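K.L.:
Everything in the sequence shown is counted per the working numbering, starting at 470 for the first residue and increasing by one.
We treat Cβ as the ideally placed atom computed from N, Cα and C, and that holds for glycine.
Please read all numbers here as calculations on a predicted model, not as lab measurements.
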Amino acid sequence: MTDLGAKISYLALADGTPVYTADSAPVGVVEHVLADERQDIFHGVIIGPSRSHNVHRFAHREQIADLYERGVVLSVPVGQLHEPGTDAPAARAEEDDDPVRTGVRRAWEWLVRPH
């Protein structure tokens, strides 16, 4: 892994920032930072498709080890990341205060919203 620079806040994390596993393997790039800036709550990031993973993935804040100027390092294997689901109403009904489900729902809602 190249020099990732200094640690940063989620507020400074840019779309297009590379995402890596804990052992330095590239995962993809940040496609969107999910946060409620007014309440200063960082939910996680949507990771865009890559050559090895042709799907969007959602990394909840608890699945992220560190944020750097030039990279995001995950704390879990790629297989533990969630793919934003297609059944948002069902996910909303099943949340039960589960922060990962909440984040996955928000990731899906961002993906299906016209940009």
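Starting from the Cα of Pro553, find the closest Cα among Ser493, Tyr537 and Gly513 and give me that residue.
P.N.:
That would be Gly513, whose Cα lies nearest to the Cα of Pro553.
K.L.:
By Cβ distance below 7 Å, which residues in the same chain neighbour Val545 in space, the five residues on each side in sequence not counted?
P.N.:
Once the five neighbours on either side are set aside, the close Cβ partners of Val545 are Gln532.
K.L.:
Return the chain-ordered ranges of every beta strand (DSSP E) run that is complete within the region 503-574 and spans a minimum of 3 residues.
P.N.:
The qualifying runs are 510-516, 526-529, 533-537 and 540-543.
K.L.:
Near Leu503, which residues of its chain fall below 7 Å by C-beta distance, leaving aside the five closest residues on each side in sequence?
P.N.:
Same-chain partners within the cutoff: His512, Gly513, Val514, Ile515, Gly572, Arg575, Ala576 and Trp579.
K.L.:
Roughly how many angstroms lie between the CA atoms of Ala560 and Arg570, to the nearest whole one?
P.N.:
Caution is warranted here: a pLDDT of 47 is assigned to Ala560, below 50, making its placement in the model unreliable, and the coordinate value is therefore given only provisionally. Computed Cα separation, rounded: 7 Å.
K.L.:
Note the first and the last residue of the continuous beta strand (DSSP E) segment covering Tyr479.
P.N.:
Unbroken run through Tyr479: none, as it is neither H nor E.
K.L.:
Taking 9 Å as the threshold (C-beta atoms), are Val499 and Leu482 in contact?
P.N.:
For Leu482 and Val499, yes; Cβs fall inside 9 Å.
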